[in-house]
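Worksheet for the structure shown next.
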Amino acid sequence: MTDKLDSYIEAAAEALNLPLDPAWKPAVKANLAVTLGHAATVAEFALPDEAEPAPIYKV
Amino acid sequence: MSGDHTWSTAAEIASAVGSGNVSAAEVTAQILAVIDRRNPVFNAFTAVTAERAVARARAIDASPGKSKLPLAGVPFAVKNLFDIEGLPTVAGSKINRARTPASRDAVLIERLEATGAVLVGALNMGEYAYDFTGENVHDGPSRNPHDPARMSGGSSGGSGSAVGGGMVPLALGSDTNGSIRVPSSLCGIFGLKPTYGRLTRARSFPFVASLDHLGPFARTVRDLALSYDAMQGFDADDAACVDRPAESTAPFLEQGLNGLRVAVAGGYFRKGASPEALGALDTVAKALNAREIEIPHAHRARAAAYVITATEGAALHLERLRRQAGDFDPAVRDRLIAGAMVPSTLVVKAQNFRRWYREAVLALFKECDAIIAPATPVTAPKLGQVNFTLDGVELSVRPNMGLYTQPISFIGLPVAAVPVPLKPLPIGVQIIAAPWREDVALRVAYALEKMGVAAAPRPRL
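Chains A and B are the protein sequences, given in the same order. Under our numbering, the first residue of the first sequence carries the number 1, and numbering increases by one thereafter. Under our numbering, the first residue of the second sequence carries the number 1001, and numbering increases by one thereafter.
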């Protein structure tokens, strides 16, 4: 996973035309790992296909 | 000269100015002098609008209707992501200093000034509001009024520092994931994050449109209510602002707890909390006779808020990252770059969960009217502190001060943060109500203030 994330970050930076100074990579990687971990916490909770997203949110 | 008004409440100032016991000009002069004295220590202000404030105060003094203005002569300041006419809206950044100066004030500034308040300046904040510490690499940190070696909390750190430090009785800030409630907790003051869509965000610099809220800070609940009431009302210039009538809260504060059922959040909201946070929560719970309930999947809500924040924030700043990455605060830049790389499928899942979670939490309000929870896991950390240990796990301070605030703002619920005046440092508790029931949150907060359980401690300055 570690090496894959490094490769992913380099490919994503290239594809998205984002600057990525080598000195920034460890912090970007750490932040991305945390965010993907949170995303996995969300994704593991199965919702029905009919579950609507809430991109425009009226309480 | 009619006494010292530098620790007066907004209500006291408005009453004194309205009745002619003191002039708005005199109050403004006192406040500008105290800012001049204290700001070099606390670094709460990034701009002081003295000339404008003096002119505004004189206009109020000359107004025949000043006795009817609910905030007559009340000085206030705003987080520097609010547009102030004539200033670039920096939002805590270096990059935005090159922006064209704002041609008009933010709507909430206009609404406060329409009720007699006097803008005295712009306040320090974490860069682009992606922060819970109050630190800023460009402007230096805003400092905690109870210990200048400690954090004010972020991202509305200057707002917390200025109100807690007696430089203004009232300030405005923004709260995307906790940025009103965290500084309120660390600086020992009251804060209100209203329902999502209640207060217009027009002419303020955004962060995460799905989650951004604006709201007030003060040293009493009545001041929160007075300012909040002055700012309500639909505004078509904010796409999220909901068209519903203003619902005053100040007239109902005295109703107290009468008929209100209060619960205390257990489970997730006790995990990782320091003894101070738990002690404050238990004191408030006891005073309110609160029974424990569980907010379901709060950890997942926090995770989803984290994902939406990272990605929407990255989308907002994508071009600036491409062109001016070196001009960002490195801590913000690295989080935003990472956010830009999160697959969109995962963001949609977070938004799917958001709707599900909203229904689950709203069901709890059939059984209770308000839920209390800690505002922060700890009292103010030292400036520069990078990590802390919660529940035996070492975590980064910057994203984790919002552990308990994120699952609540995620679904836009209104929250009053109330300070419990522990020594040597205060800590806050969240009073969470159902959507559009700011009145309930403020009534509970007011009752706690009356009981002496919640209070903004006056620092030794």
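For each residue, glycine too, the CB sits at the ideal point set by N, CA and C.
Using 8 Å for Cβ pairs, my map puts residue i next to residue j. What's the rounded Cβ distance?
{"i": "residue 1414 of chain B", "j": "residue 1433 of chain B", "result": "5 Å"}
{"i": "residue 1337 of chain B", "j": "residue 1321 of chain B", "result": "6 Å"}
{"i": "residue 1418 of chain B", "j": "residue 1370 of chain B", "result": "Incorrect: roughly 11 Å between the Cβ atoms, too far for contact."}
{"i": "residue 1142 of chain B", "j": "residue 1042 of chain B", "result": "6 Å"}
{"i": "residue 1074 of chain B", "j": "residue 1013 of chain B", "result": "5 Å"}
{"i": "residue 1410 of chain B", "j": "residue 1313 of chain B", "result": "15 Å between Cβ atoms; not a contact."}
{"i": "residue 1198 of chain B", "j": "residue 1113 of chain B", "result": "Wrong, their Cβ atoms sit about 20 Å apart, outside the cutoff."}
{"i": "residue 1382 of chain B", "j": "residue 1150 of chain B", "result": "6 Å"}
For a cutoff of 8 Å on Cβ pairs, would you count residue i as touching chain B?
{"i": "residue 46 of chain A", "result": "no"}
{"i": "residue 22 of chain A", "result": "no"}
{"i": "residue 1 of chain A", "result": "Residue placement at residue 1 of chain A is flagged as unreliable, the pLDDT there being 49, under the threshold of 50; a coordinate-derived value is accordingly withheld."}
{"i": "residue 10 of chain A", "result": "no"}
{"i": "residue 50 of chain A", "result": "no"}
Is the shortest distance between the beta-carbon of residue i and the beta-carbons of chain A less than 8 Å?
{"i": "residue 1352 of chain B", "result": "yes"}
{"i": "residue 1341 of chain B", "result": "yes"}
{"i": "residue 1303 of chain B", "result": "yes"}
{"i": "residue 1398 of chain B", "result": "no"}
{"i": "residue 1363 of chain B", "result": "no"}
{"i": "residue 1349 of chain B", "result": "yes"}
{"i": "residue 1307 of chain B", "result": "yes"}
{"i": "residue 1356 of chain B", "result": "yes"}
{"i": "residue 1337 of chain B", "result": "yes"}
{"i": "residue 1317 of chain B", "result": "no"}
{"i": "residue 1369 of chain B", "result": "no"}
{"i": "residue 1321 of chain B", "result": "yes"}
{"i": "residue 1138 of chain B", "result": "no"}
{"i": "residue 1346 of chain B", "result": "yes"}
{"i": "residue 1463 of chain B", "result": "Nothing in the structure corresponds to residue 1463 of chain B, since chain B is present only between 1001 and 1461."}
{"i": "residue 1181 of chain B", "result": "no"}
{"i": "residue 1300 of chain B", "result": "yes"}
{"i": "residue 1334 of chain B", "result": "yes"}
{"i": "residue 1055 of chain B", "result": "no"}
{"i": "residue 1146 of chain B", "result": "no"}
{"i": "residue 1297 of chain B", "result": "yes"}
Measuring only the C-alpha atoms, how far is residue i from residue j?
{"i": "residue 1193 of chain B", "j": "residue 1373 of chain B", "result": "14 Å"}
{"i": "residue 1283 of chain B", "j": "residue 1426 of chain B", "result": "13 Å"}
{"i": "residue 1275 of chain B", "j": "residue 1265 of chain B", "result": "16 Å"}
{"i": "residue 1453 of chain B", "j": "residue 1287 of chain B", "result": "8 Å"}
{"i": "residue 1436 of chain B", "j": "residue 23 of chain A", "result": "47 Å"}
{"i": "residue 1 of chain A", "j": "residue 1396 of chain B", "result": "For residue 1 of chain A, the predicted model reports a pLDDT of 49, less than 50, meaning its position is unreliable; a value from the coordinates is still stated below. One C-alpha to the other measures close to 22 Å."}
{"i": "residue 1376 of chain B", "j": "residue 1405 of chain B", "result": "8 Å"}
{"i": "residue 1157 of chain B", "j": "residue 1221 of chain B", "result": "20 Å"}
{"i": "residue 1068 of chain B", "j": "residue 1060 of chain B", "result": "11 Å"}
{"i": "residue 1132 of chain B", "j": "residue 1300 of chain B", "result": "20 Å"}
{"i": "residue 1001 of chain B", "j": "residue 1277 of chain B", "result": "Low local confidence applies: a pLDDT of 43 at residue 1001 of chain B is under 50, so the model's placement there is unreliable, with the coordinate-based value given in what follows. Cα to Cα, residue 1001 of chain B sits roughly 42 Å from residue 1277 of chain B."}
{"i": "residue 1388 of chain B", "j": "residue 1140 of chain B", "result": "22 Å"}
{"i": "residue 1319 of chain B", "j": "residue 38 of chain A", "result": "25 Å"}
{"i": "residue 1090 of chain B", "j": "residue 1181 of chain B", "result": "22 Å"}
{"i": "residue 1213 of chain B", "j": "residue 42 of chain A", "result": "23 Å"}
{"i": "residue 1009 of chain B", "j": "residue 1349 of chain B", "result": "45 Å"}
{"i": "residue 1071 of chain B", "j": "residue 1229 of chain B", "result": "11 Å"}
{"i": "residue 1330 of chain B", "j": "residue 1324 of chain B", "result": "12 Å"}
{"i": "residue 1083 of chain B", "j": "residue 1028 of chain B", "result": "21 Å"}
{"i": "residue 1018 of chain B", "j": "residue 1116 of chain B", "result": "10 Å"}
{"i": "residue 1248 of chain B", "j": "residue 1107 of chain B", "result": "18 Å"}
{"i": "residue 1058 of chain B", "j": "residue 1066 of chain B", "result": "11 Å"}
Mapping the DSSP letters down to three states, classify residue i as helix, strand or coil.
{"i": "residue 1 of chain A", "result": "For residue 1 of chain A, the predicted model reports a pLDDT of 49, less than 50, meaning its position is unreliable; a value from the coordinates is still stated below. Correct three-state label for residue 1 of chain A: coil."}
{"i": "residue 1341 of chain B", "result": "coil"}
{"i": "residue 1096 of chain B", "result": "helix"}
{"i": "residue 1046 of chain B", "result": "strand"}
{"i": "residue 1394 of chain B", "result": "strand"}
{"i": "residue 1217 of chain B", "result": "strand"}
{"i": "residue 1256 of chain B", "result": "coil"}
{"i": "residue 8 of chain A", "result": "helix"}
{"i": "residue 1401 of chain B", "result": "coil"}
{"i": "residue 1001 of chain B", "result": "Note on residue 1001 of chain B: pLDDT 43, under 50, position unreliable in the model; no value is reported."}
{"i": "residue 31 of chain A", "result": "helix"}
{"i": "residue 1027 of chain B", "result": "helix"}
{"i": "residue 1193 of chain B", "result": "strand"}
{"i": "residue 49 of chain A", "result": "coil"}
{"i": "residue 41 of chain A", "result": "helix"}
{"i": "residue 1035 of chain B", "result": "helix"}
{"i": "residue 1124 of chain B", "result": "coil"}
{"i": "residue 1366 of chain B", "result": "coil"}
{"i": "residue 1201 of chain B", "result": "coil"}
{"i": "residue 1423 of chain B", "result": "coil"}
{"i": "residue 1150 of chain B", "result": "strand"}
{"i": "residue 1144 of chain B", "result": "strand"}
(request) Jot down the residue ranges of each uninterrupted beta strand (DSSP E) in the stretch 1263-1319 of chain B, minimum 3 residues, whole runs only, in chain order. (result) Listed in chain order, they are 1291-1293.
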